[in-house]
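These protein sequence lines map, in sequence, to chains A and B. Okay, so the first sequence: first residue is -5 according to our numbering, each after it adds one. Okay, so the second sequence: first residue is -5 according to our numbering, each after it adds one. Even glycine gets a Cβ: it sits at the ideal position worked out from N, Cα and C.
Protein chains: 2
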Amino acid sequence: MSIDHSKIRWNGWGWTAHKDQLAEDEAMWTWLAGELGMPALLATPARPLESVTLAPSRLTVEDRVRFIEILGAERVRGDQYERAFHARGRSYHDLICLRSGDLSTAPDAVLYPRSTDEVLATLAAAGEGGVAVVPYGGGTSVVGGVTGGHGRFKSVVALDLSAMDRVIDIDAQSMTATVEAGIYGPALEKALQAKGLTLGHHPQSFEFSTLGGWIAHRGAGQGSNRYGRAEDWLVGTKVATPRGVLHTGGFPASSAGPRLNDLVLGSEGVFGVVTEATVRLHPLPTASDYYGYLFKDFASGIAAIRAAAREEIPVTMLRLSDPMETKFYRAFGSLGKKRTLRDRFAQFYLTNRGFDEKACAMIAGFEGETTTVVDERLRFDVLAKKHGALALGEGQGKRWKEGRFHGPYMRDPMMDRGVGVDTLETAASWSKLDGLYIAVRDALESAIRENAPRAGAHGVVSCHISHSYPDGASLYFTYIFPRMLDGEIAQWRAIKKAASDAIIANGGTISHHHGVGEDHLPWMAAEKGSLGIDILRAVKMALDPKGILNPGKLIPD
Amino acid sequence: MSIDHSKIRWNGWGWTAHKDQLAEDEAMWTWLAGELGMPALLATPARPLESVTLAPSRLTVEDRVRFIEILGAERVRGDQYERAFHARGRSYHDLICLRSGDLSTAPDAVLYPRSTDEVLATLAAAGEGGVAVVPYGGGTSVVGGVTGGHGRFKSVVALDLSAMDRVIDIDAQSMTATVEAGIYGPALEKALQAKGLTLGHHPQSFEFSTLGGWIAHRGAGQGSNRYGRAEDWLVGTKVATPRGVLHTGGFPASSAGPRLNDLVLGSEGVFGVVTEATVRLHPLPTASDYYGYLFKDFASGIAAIRAAAREEIPVTMLRLSDPMETKFYRAFGSLGKKRTLRDRFAQFYLTNRGFDEKACAMIAGFEGETTTVVDERLRFDVLAKKHGALALGEGQGKRWKEGRFHGPYMRDPMMDRGVGVDTLETAASWSKLDGLYIAVRDALESAIRENAPRAGAHGVVSCHISHSYPDGASLYFTYIFPRMLDGEIAQWRAIKKAASDAIIANGGTISHHHGVGEDHLPWMAAEKGSLGIDILRAVKMALDPKGILNPGKLIPD
């Protein structure tokens, strides 16, 4: 296993050893309570695993023996930590369950295959035994994509791909690599960068997610403007299904019928288990420059992003925060510190230039060959200033880049203090984006007020645009709210439903890069249509006729 | 109807009024006979339609009445010209049949719906009546994609979409257009260019093919490096199927499960009829510059294309001819004309600089905003010269651009002279491209010799690279051969099989942009695998359970 699971939190984010500095920042907590309309925050620690009793494994002796014959005893795990670790993904909803000690979705065993053949044999044995199989990469799903549901089956196993992490081939001439799907982000990049190459796929989960997971949920990294989404960099896949091996793609382009790569992308383990993939690489950039800008409002920032797309400036990332996110991040940086004369002067300068509470921060990133990066950056600089932006320099950009994977760590200390924090994302065409932004923000704010633990309590709803396209962009919402401790799941569900309904009603997709899992399932029929769902069911039936793979995800019953 | 079909050839390419200057160029024909190892060429004129008797329509009165009730009598056509026009596509194989008067695949009627609802009603009526339906756009398929086969059904109709050619909406903010799928290339570009926009999709068939056809066969235009393949510019589709309307896509990006656009792309009318599509646009370029280069050999030209991809120079097109294509085009330009002193000097200069019979011509195209086009062109110019190229200037580029849609017209006069000419194309990763090129070229040359009308006769096999990607490129073969008049179909099939087997054996796709149709069907299982074919069958069953749509195409039985 490329990462020792015992060193990662089973009920929170990332390394167990990581202590977030936020936890002890009492000034911040006092401020946050005020922002949420709460007199004070509560202590709501998670239950330690030692105090939780798991239900006994439902796996029959026959099934266990079958799996052991295929994988060896040490790769068929039934210990408490392994089962708890694989019980769920890492969404806010998952964390509520896990922190409360609800391990009802813990798999009955965790299997660690080492080859496509072992996966095939495991699927065959599971099919014979009537055992559900949940394919599991890094387990960082935030949409309920790896919940250990046994559905109508008598038991369920997690199929953890992390022992399949070999780089099989790097084709430097074609700039592609063929890699086992269980490899984690850092191990993959280390192997590629040793050859002067990069995939450049850096989702926020990068440190703890796997290549197979990125493909299975059709992900997008922070630099997808340059490096592409999973559908852009995927050349081909090898997928183990209950009916045998499916190979898809393998060509730079083809018109030999529908592109089956695109049925694997976003299939979330319900059609098969991605065991290998061939991916497109880039030369390792010789320059990687990130800069900060401040726009007077969200609209002028959006106009700049749209203009950059139209003028085809090859940016790596344009990440525009709305006024609330801008204010919130600024506050986080200055709390607990006395305001200096310099801070006061900066504030005076900004106000004087017309940057008030509507101001929006942007991080603009440029990667590639040094001379072209300089050109691109200057072109964007001219464009941003034409849209009224103030250049904040590379300090802001560097800080963003250093903390690019840190966000999810902040959730755990918040959850220790009675604060909920969740994110959701969507995308729409430029002409629908403004309306979608307002509708979802309003829906979140209303739903949080209506589902607050006390009158007058409310949330902090912030948003950023992080992925842009010629025809539109994504919206990524982060919302922080006081938890309703006597009905946390219902509270979460009410807020989620309000936002998701607003997304569908306003022309957004139910997910831009998180996927579907269990959480977005109720909106899939609205997005894909009944014939679209029929297609997914037909493909499922063709590849997994017994339905053992990841029951309850992606495809509505 | 946006093009009057009576003005287009039913048994050849393009406008009936077009007289190709090649036809009367006797010096060229004498030279060509020599190149093919033939003492002389034969006169092999096509049979005029008046001399051919079509089989009576098999459409029952009940079915005809049903269709007339839906579409009106004037949109249910059964006259000889309409049936002959829609009997087949426009491949070499199709032309052999059509020119010989074999109209056995003529549809029993040709239907012209005007709306998605009419298409749905037509499909319902066809399903009830047991009538096969061949969706028909421009009919320029070169892979047997629109052959009017009735399969196991009692009759067959062609469903001609050309009356559905409205531009429904142009969203200038999102840079997208929603258009009915039956629109021809020129009408679409005219509407877009009036708004300062372009789709930029220019296949060689541009003048006579439709938006729906481009999507259905997953096409690529000549400028796809810049404007993208159909899968890149397609935002969403509306598809009429026997089970109702399927909407796919509609977002700039989404991770809400598999992207169903990609099942429509390349579906070739077997899942449904694309009736509307939303497509991504570009600003109309202010500069469009095409230049000629001469490389010392194919390898150095390929190296330059690969380097341009790696250095991310945003070219619109790099079209590299192999030595035979270079020689052939050069000869075509100088035949019948006396060599001037200037020609002799040019030849001396080239030979002296090391450009011999291995030399390879390239057309490099750059489109976009004027200043960036200049930058891109200069960057490529430096790169090309680094790879030993000689710049030939813009004259060559202009000539190529003026004749960019002319190629297929040359086939008809050749077929009048006993000469066969066919094309096929593939793509592979860079590391496989050299081997694939040699294998397919050798297979074609051998198969043509083995299937020649007399000992010593042979073919002219030429190739170019016209579409490149970071990980590989396409190969487009044109082969000219003396026809075996007493077994033309068998000759064609033997040559096609040899090349296709070589493609599959050497890591190429069976089609880069022509599609599958009937002609590539025998190689689909090798490319997609048996599970891949099962998926296609499952989708077919979900959308077209009676199998009435385009029988015998895309999916092997």
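Range covered by the alpha helix (DSSP H) that runs through residue i
| i | result |
| --- | --- |
| B/Lys380 | 364 to 380 |
| B/Leu26 | 20 to 29 |
| B/Glu56 | 55 to 65 |
| A/Lys184 | 179 to 187 |
| B/Val151 | Not the alpha helix (DSSP H): B/Val151 falls in the beta strand (DSSP E), residues 149 to 154. |
| B/Lys392 | 388 to 396 |
| A/Pro407 | 405 to 409 |
CB of residue i within 9 Å of CB of residue j, strictly
| i | j | result |
| --- | --- | --- |
| A/Arg411 | A/Leu36 | yes |
| B/Ile553 | B/Ala171 | The requested residue 553 of chain B is not part of the displayed model; chain B covers only -5 to 551. |
| A/Gln187 | A/Tyr285 | no |
| B/Leu105 | B/Val55 | no |
| A/Arg220 | A/Gly243 | no |
| B/Gln15 | B/Leu43 | no |
| B/Gly213 | A/Ser248 | no |
| A/Lys547 | A/Gly217 | no |
| B/Ile64 | B/Pro107 | yes |
| B/Val533 | A/Val533 | yes |
| A/Gly179 | A/Leu153 | no |
| A/Val229 | A/Asn255 | yes |
Identity of the residue in the options nearest residue i by Cα
| i | options | result |
| --- | --- | --- |
| B/Ile432 | B/Leu479, B/Pro317, B/Leu114, B/Leu515 | B/Pro317 |
| A/Leu117 | A/Gly238, A/Lys13, A/Ala378, A/Thr242 | A/Gly238 |
| A/Tyr130 | A/His80, A/Lys148, A/Gly502 | A/His80 |
| A/Thr503 | A/Met409, A/Ser423, A/His241 | A/Ser423 |
| B/Ser45 | B/Gly28, B/Asp96, B/His12, B/Asp(-2) | B/Asp96 |
| A/Lys148 | A/Phe202, A/Val125, A/Gly121, A/Thr38 | A/Val125 |
| A/Thr231 | B/Lys13, B/Lys522, B/Leu530 | B/Lys522 |
| A/Val368 | A/Asp283, A/Ala271, A/Ala11 | A/Asp283 |
| A/Leu48 | A/Arg77, A/Tyr473, A/Ala40, A/Ser524 | A/Arg77 |
| B/Pro252 | A/His508, A/Ile542, A/Pro539, A/Lys540 | A/His508 |
| B/Lys540 | B/Gly133, B/Gly266, B/Gln198, B/Gly66 | B/Gly266 |
| B/Gly161 | B/Met32, B/Arg338, B/Ala271 | A small correction: the amino acid at residue 161 of chain B is Val; Gly does not occupy that position in the sequence shown. If we check each option's Cα against that of B/Val161, B/Ala271 comes out closest. |
| A/Glu305 | A/Pro277, A/Arg373, A/Leu275 | A/Arg373 |
First through last residue of the beta strand (DSSP E) which encompasses residue i
| i | result |
| --- | --- |
| B/Glu122 | No beta strand (DSSP E) contains B/Glu122, which is instead part of the alpha helix (DSSP H) from 110 to 123. |
| A/Ser315 | 311 to 315 |
| A/Ile497 | Segment 482 to 499 is the alpha helix (DSSP H) holding A/Ile497; no beta strand (DSSP E) there. |
| A/Ile164 | 161 to 165 |
| B/Arg533 | Residue identity check: residue 533 of chain B is Val in the sequence provided, not Arg. Counting along the chain, B/Val533 falls outside any beta strand (DSSP E), though it belongs to the alpha helix (DSSP H) covering 518 to 537. |
| B/Ser423 | 413 to 423 |
| A/Ser282 | 281 to 289 |
| B/Cys87 | It is worth fixing the name first, because residue 87 of chain B is His in this sequence and not Cys. Element bounds for B/His87: not the beta strand (DSSP E) but the alpha helix (DSSP H), 86 to 93. |
| A/Glu270 | 267 to 274 |
Chain B residues whose Cβ lies nearer than 7 Å to that of residue i
| i | result |
| --- | --- |
| A/Leu208 | For the record, residue 208 of chain A in the displayed sequence is Trp; it is not Leu. Those within 7 Å of A/Trp208 in chain B number zero; the least Cβ separation is about 10 Å. |
| A/Val229 | Asp465 |
Under 7 Å by beta carbon: chain A residues contacting residue i
| i | result |
| --- | --- |
| B/Tyr463 | Pro246, Ala247 |
| B/Ile504 | Ala250 |
Contacts of residue i in chain B (Cβ-Cβ under 9 Å)
| i | result |
| --- | --- |
| A/Leu537 | Leu525, Asp528, Ile529, Ala532 |
| A/Arg393 | The premise fails here: A/Arg393 is roughly 27 Å from chain B at the closest Cβ pair, so nothing lies under 9 Å. |
| A/Leu288 | Result: empty, since nearest Cβ-Cβ is about 24 Å, beyond 9 Å. |
| A/His(-1) | In chain order: nothing, as chain B lies at least about 26 Å away. |
Under 9 Å by beta carbon: chain A residues contacting residue i
| i | result |
| --- | --- |
| B/Ser425 | Asp165, Ala166, Gln167, Ser168, Thr170 |
Partner residues on chain A for residue i, Cβ-Cβ distance less than 8 Å
| i | result |
| --- | --- |
| B/Ser261 | Gly251, Pro252 |
| B/Pro277 | Arg304 |
| B/Pro422 | For clarity, residue 422 of chain B is Ala in the given sequence; the question names Pro instead. Within chain A, the residues near B/Ala422 are Phe245, Pro246. |
Residue i: contacting residues in chain B (beta-carbon distance under 8 Å)
| i | result |
| --- | --- |
| A/Glu225 | Arg253 |
| A/Ala214 | Ala247, Ser249 |
The stretch 387 to 407 of chain B in contact with the stretch 461 to 471 of chain B per 3-pair CB rule at 8 Å: no
So, do the stretch 296 to 304 of chain B and the stretch 372 to 380 of chain B have three or more beta carbon pairs nearer to each other than 8 Å? yes
Do the stretch 307 to 314 of chain B and the stretch 353 to 362 of chain B meet, that is, are 3 or more Cβ pairs less than 8 Å apart? yes
Within the chosen definition, does the stretch 446 to 464 of chain B reach the stretch 391 to 398 of chain B through at least 3 CB pairs nearer than 8 Å? no
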